[in-house]
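Chemist:
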């Protein structure tokens, strides 16, 4: 097997039945059900190697979670071929189930009314983790996540962040080689997000685990993933280096200027594209390659009170990609990966 | 496997203790058996009914209470909710069939209920004059075997009903039908001997009698020798058939699982 995860022209269609609202709608639906096919994933292909951390991006309903569920064997693919660690996921062989984990920020595996430790002990037995290994793994997770006092508290009495830490620990007790993380930081405050993020990075570094991560927080993806896969409406939009995508979509730096007197916009335009001008401030997009030269020239020719270089906001770039405003991404996919 | 079972038992025992009020309320459902006993007692005041004396009815319904508690199953509810709400997903990801979770949950709950029920039943049996039970080692062994069989039949049938939730959102309606059939044809409404002689032979072949009445008959010494062996054979054939049906339905069901929700 060439890659640890291989997805070849994967499609997953759901049949959903539709119902008009109200009593008549219910009656009609009872006698003549209307079905509609939802193409959640449509012809998606990608490969991932051992130890890679890949960000999986796309707007809501793009097919990210469906893809992760197919990779975990929860869903049968409608067509296409999927292979993870040499297994066909939907066969759900025990040997496969013991080697990966799926963490969903909005779902939990911890028993709601019992302390997390109870779930941990059950997982130890079910995943057949030897007692000595279990103690060592638990200690490591405790060190990284500071679980200590949480382990004996009822799960429902934990805060969202505390629960997420315990969820992650429960999901990693069998030391999986592949981690599917679906919105692991959803609803967490910034500090806790950063903690979880650091933990994932550290886990990947220590154990060489492969990670596929979906998140609505760009900070997660920027911090963790060199490579991203973008899908929308079930189709692959981009697969490749994250930086390369940013440079492709936003081949400029953002130059923020502050003036004492209203500037001459025509004069500013010769240094870059004026993205915004508003009284005493202006924002210029300056080509990356010439950013420093341009700034130097600008300073020598225009009277500027304050000047600041910034990277373009990742959120804006991704929004442009989602909105389909960037053409020819897919054709670049292979190229971008090589770079 | 043993270690996995012990771990699951431990977990579910913890949950049973957590939800102990629920267990006590469930015991109230036995009220129906007690009412039926009172009905049959008043009928049998004039003399034995189809070979059942008043004391026989007491023995039948008291043993029935125990058998019913030992063989009760309700996993279709858990399973159908888990399927329709997507909560089955974490269970499907574990390297153990989700049915084992339900089995251990079922067993731990029983320990809880029996500790309450057993002393009451023993007292009633001891205080009722003329009660006679078949207590030879062979009969006790056959009784135990039949109770395990009765549990397996009802549990598997109920689990199959739960699996229907892969296709319909109303699987629990079917579990009510199954429960109703058990009450009427399984010997809770009336012992099989009270049914019209014309339909009794059919009941011998249907699974419902083997969910409860058959074990009662063994305890009361009404099923011995050839009758006993025939009953056990039919019962365990049903266990096997339902096991195979469960496997088949499961395989088809998981295929159409939608893993809804996140």
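Chains as they are written, first to last, in our numbering: chain A, 342 to 680; chain S, 2 to 263. The C-beta atom is built at its ideal place from N, Cα and C for all residues, glycine as well. Source: prediction; values computed, not measured.
Quick one: grab the DSSP three-state call for residue 153 of chain S.
Modeler: Helix at residue 153 of chain S.
Chemist: By Cβ distance, which residues of its chain are closer than 7 Å to residue 262 of chain S, with the 5 residues on each side in sequence left out?
Modeler: In this prediction, residue 262 of chain S has a pLDDT of 49, which is less than 50 and means its spatial position is unreliable; what the coordinates show is noted afterwards. Cβ within range, chain order: 86, 87.
Chemist: For residue 258 of chain S, I'd like the list of residues in its chain whose CB is within less than 8 Å of its CB, leaving aside the five on either flank, ordered along the chain.
Modeler: 84, 89, 93, 167
Chemist: Quick check on residue 263 of chain S - is its C-beta less than 7 Å from some C-beta in chain A?
Modeler: Any answer about residue 263 of chain S is weak, because its pLDDT of 35 lies below 50 and its placement is not dependable; what the coordinates show is given next. Answer yes: the Cβ-Cβ gap between residue 263 of chain S and chain A drops below 7 Å somewhere.
Chemist: Are residue 352 of chain A and residue 393 of chain A touching if we call contact CB-CB under 7 Å?
Modeler: no
Chemist: Give me whichever residues DSSP pairs with residue 346 of chain A in a beta bridge.
Modeler: A:389, A:425
Chemist: What are the start and end residues of each continuous beta strand (DSSP E) run of 3 or more residues lying completely inside the stretch 547–619 of chain A, in chain order?
Modeler: 551–555, 568–573, 576–582, 593–599, 614–619
Chemist: Please report the straight-line C-alpha distance between residue 237 of chain S and residue 150 of chain S, rounded to a whole angstrom.
Modeler: 6 Å
Chemist: Scan the stretch 47–74 of chain S for residues whose Cβ lies nearer than 8 Å to a Cβ of chain A and list them as they occur along the chain.
Modeler: none
Chemist: Is there at least one Cβ from chain A nearer than 7 Å to residue 3 of chain S's Cβ?
Modeler: no
Chemist: Which residues of the stretch 239–250 of chain S have a Cβ closer than 7 Å to any Cβ of chain A? Give them in chain order.
Modeler: none
Chemist: Starting from residue 315 of chain A, trace the beta strand (DSSP E) in both directions and tell me its first and last residue.
Modeler: Any answer about residue 315 of chain A is impossible in this case: the structure gives chain A only from 342 up to 680.
Chemist: Starting from residue 58 of chain S, trace the alpha helix (DSSP H) both ways and give me its first and last residue.
Modeler: 55–72
Chemist: Inspect the beta-carbon positions of residue 152 of chain S and residue 72 of chain S and report whether they are closer than 7 Å.
Modeler: The criterion of a C-beta distance shorter than 7 Å is satisfied by residue 152 of chain S and residue 72 of chain S.
Chemist: Mind checking which residues open and close the beta strand (DSSP E) that includes residue 394 of chain A?
Modeler: 394–398 is the extent of the beta strand (DSSP E) around residue 394 of chain A.
Chemist: In whole angstroms, what separates the C-alpha of residue 179 of chain S from that of residue 38 of chain S?
Modeler: 22 Å
Chemist: Name, please, each residue of chain S whose Cβ falls closer than 7 Å to the Cβ of residue 435 of chain A.
Modeler: Chain S residues near residue 435 of chain A: 96.
Chemist: Straight-line CA distance for residue 546 of chain A to residue 565 of chain A?
Modeler: 11 Å
Chemist: Please name the residue in A:596, A:668, A:605 whose C-alpha comes closest to that of residue 633 of chain A.
Modeler: The shortest C-alpha separation from residue 633 of chain A is found at A:596.
Chemist: Residue 410 of chain A: buried (16+ other C-beta within 10 angstroms of its C-beta) or exposed?
Modeler: Residue 410 of chain A comes out buried.
Chemist: Consider the Cβ of residue 395 of chain A: report whether some Cβ of chain S lies at a distance smaller than 7 Å.
Modeler: Closer than 7 Å to the CB of residue 395 of chain A there is not a single CB belonging to chain S.
Chemist: Check whether chain A comes within 7 Å of residue 12 of chain S, counting only Cβ atoms and requiring the distance to be less than that.
Modeler: yes
Chemist: Determine the burial state of residue 445 of chain A: buried for a count of at least 16 other Cβ atoms within 10 Å of its Cβ, exposed for fewer.
Modeler: buried
Chemist: Among the candidates A:460, A:362, A:387, A:629, whose CA atom is the shortest distance from the CA of residue 344 of chain A?
Modeler: A:387
Chemist: At 4 residues or longer, and completely inside the stretch 106–191 of chain S: list those alpha helix (DSSP H) runs for me, N to C.
Modeler: 138–164, 172–186
Chemist: From residue 118 of chain S to residue 111 of chain S, what does the alpha carbon distance come to, in whole angstroms?
Modeler: 10 Å
Chemist: What residues from the stretch 89–113 of chain S come within 8 Å of chain A, judged by C-beta to C-beta, listed N to C?
Modeler: Those residues of the stretch 89–113 of chain S that come within reach of chain A (Cβ to Cβ, closer than 8 Å) are 90, 91, 93, 94, 95, 96, 97.
Chemist: Residue range of the alpha helix (DSSP H) that residue 195 of chain S falls in?
Modeler: Premise fails: residue 195 of chain S is in no alpha helix (DSSP H) and is neither H nor E.
Chemist: Inspect the beta-carbon positions of residue 569 of chain A and residue 398 of chain A and report whether they are closer than 7 Å.
Modeler: Contact flag set, yes.
Chemist: How about residue 507 of chain A and residue 485 of chain A: are their beta carbons less than 7 Å apart?
Modeler: no
Chemist: Examine chain S for any beta-carbon lying closer than 7 Å to the beta-carbon of residue 463 of chain A, and answer yes or no.
Modeler: yes
Chemist: Got a sec, what are the start and stop residues for the beta strand (DSSP E) residue 373 of chain A sits in?
Modeler: Here residue 373 of chain A belongs to no beta strand (DSSP E), and DSSP marks it neither H nor E.
Chemist: For a test of the three-state rule: what should DSSP assign to residue 445 of chain A, helix, strand or coil?
Modeler: strand
Chemist: Checking contacts by CB at 7 Å: is residue 256 of chain S closer than that to chain A?
Modeler: yes
Chemist: Which residue or residues does DSSP assign as beta-bridge partners of residue 418 of chain A?
Modeler: Answer is none; residue 418 of chain A lacks a bridge partner.
Chemist: Put residue 94 of chain S into one of helix, strand or coil per three-state DSSP.
Modeler: coil
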